[in-house]
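In the numbering used here, the protein residues as written are 111 to 402.
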């Protein structure tokens, strides 16, 4: 597979994942979120296996490498999603976005351990500036956060999801260095994540039938093809080409793009704090990426 230039990989990834929230909102309704996630990654795995079969790619892995992909899929495409979605029960989505930005320092440490990438003062400054900017963007949510058991549970769930997400990315880099093909590894990882999510849904007694409406199925196709298949391929290429730490800075941009889309579709009104925050987020990203 011919890789795109790094700027296109980065821009494409943040644009897709920044708009994915709208597709997710279109799926809210009669189908439990957990079930939608399970169907989404099952379909994405089928797409990847189909691409491999048509192109003559590798479908089978040695048992040791296959087990690594299964482990990555379980924690990244099942556990992390489960924790994040449950965190939003207790916290506003803006606060969850801020907590997830802790993936940046976690990935910087992982990059040091796994990729021998130095943690530079520039990288630290970029993380601090970017996270501070995102706090300003969602200051209204932060200021209304109550000191309660529910908030503590939500923060704990979001932190757990962030830690699991960072761990899975580091494990993926290791797996790739051991010879796991990109599409093959992603296909098995997504299939494993879908299997566990279906198992949890069944254990909870959730209905498994998807919704047959055009709204649900249209958003489902977008989330499968673009958000799950294409964006993950691009992001995992970024992990290898610019490193765990630098790739994670996109987490600052996703919610900003979501707000920009909300401005057009839902009449979101920008506050001076939000404008200042977006400026800081862009400065933080520029510090990391423009030197490349």
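Backbone N, C-alpha and C define an ideal beta-carbon position, used for all residues, glycine too.
It is roughly 7 Å from the alpha-carbon of residue 279 to the alpha-carbon of residue 354.
Taking residue 298 as the centre and dropping the five residues before and after it, the same chain places the C-beta of 155, 171, 176, 179, 180, 183 closer than 8 Å to its C-beta, in chain order. The continuous alpha helix (DSSP H) containing residue 179 extends over residues 173-184. Per the Cβ contact rule, the region 305-320 is not in contact with the region 209-226 (fewer than 3 Cβ pairs under 8 Å). With a cut-off of 8 Å on Cβ pairs, the region 289-304 is not in contact with the region 355-365, counting fewer than three such pairs.
Taking a cut-off of 8 Å for Cβ pairs, the region 191-205 and the region 271-286 touch, as three or more such pairs fall below it. Around the Cβ of residue 236, a 10 Å sphere holds 16 or more other Cβ atoms; the residue is buried.
Around the C-beta of residue 357, 16 or more other C-beta atoms lie within 10 Å, and the residue is accordingly described as buried.
Rounded to the nearest whole angstrom, the CA to CA distance from residue 261 to residue 249 is 16 Å. For residue 309, the closest C-alpha among the options 125, 189, 381 is that of 189. Annotation note: the region 210-264 contains the following uninterrupted alpha helix (DSSP H) runs of length 4 or greater, listed N- to C-terminal: 213-224, 231-247, 249-253. Proximity to residue 241 across 132, 379, 205 peaks at 205, based on C-alpha coordinates. Take the alpha-carbon of residue 345 and the one of residue 123: they are about 6 Å apart. Straight through space, the alpha carbons of residue 243 and residue 334 are spaced by roughly 31 Å. Taking C-beta separations shorter than 6 Å and ignoring five residues to either side along the sequence, the partners of residue 142 in its chain run 316, following chain order. The three-state reading of DSSP puts residue 382 in helix, counting H, G and I together.
In terms of Cα proximity to residue 277, the closest of 290, 185, 265, 251 is 185. Between residue 263 and residue 200, the CB-CB gap stays under 7 Å. Secondary structure of residue 334 (DSSP, three-state): helix. One alpha carbon belongs to residue 163, the other to residue 338, and they sit about 19 Å apart. Residue 392 and residue 313 have their alpha carbons spaced roughly 43 Å apart. In the structure shown, residue 267 adopts helical secondary structure according to DSSP, grouped into three states.
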